[in-house]
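In our numbering, the protein residues as written are 2 to 129.
Written out as structure tokens, the structure reads:
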């Protein structure tokens, strides 16, 4: 099956899904909790906080890994500027399975977040 995220030219490519809040005014900590829960449900994982919570850099960082996949979620304060700068979250799913490609995980994540519509984060772009 060919999908929107399939790598071109036969090389392996990692994908980062960038997302921002659906609301103009938002609570950063609440958004971090919300998108963490969304990613957990969509990918069937249980992301844990890295380094015991929010590091000095001001970002929330979560991680999950097992024999089949690894997932990293980072939620940082937005930089301002254009629409992509207002996308404070990025998720990097990586498949370690022989049965599922990384592009398939990225596609599932993108579609799952996008399907949340106004009830969830806005998905802005993918790519590394």
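Every residue, glycine too, gets a C-beta built ideally from N, C-alpha and C.
It should be emphasised that the depicted structure is a prediction, and the values quoted were computed from it without experimental measurement.
Exercise. Which residue or residues does DSSP assign as beta-bridge partners of residue 49?
Worked result: 64
Exercise. Quick one: Cα of residue 78 to Cα of residue 68, how far?
Worked result: 32 angstroms
Exercise. How would you label residue 9, buried or exposed, when you count the other beta carbons within 10 angstroms and need 16 or more for buried?
Worked result: Interpretation of residue 9 is limited by its pLDDT of 48, a score under 50 that renders its predicted location unreliable; no figure is taken from the coordinates.
For this session: List the residues that DSSP assigns as beta-bridge partners of residue 91.
Result: 19, 75
Exercise. Quick one: is residue 66 buried, meaning 16 or more other Cβ sit within 10 Å of its Cβ, or exposed?
Worked result: exposed
Exercise. In chain order, what residues of the same chain lie with their CB nearer than 7 angstroms to the CB of residue 32, ignoring the 5 residues before and after it?
Worked result: 22, 76
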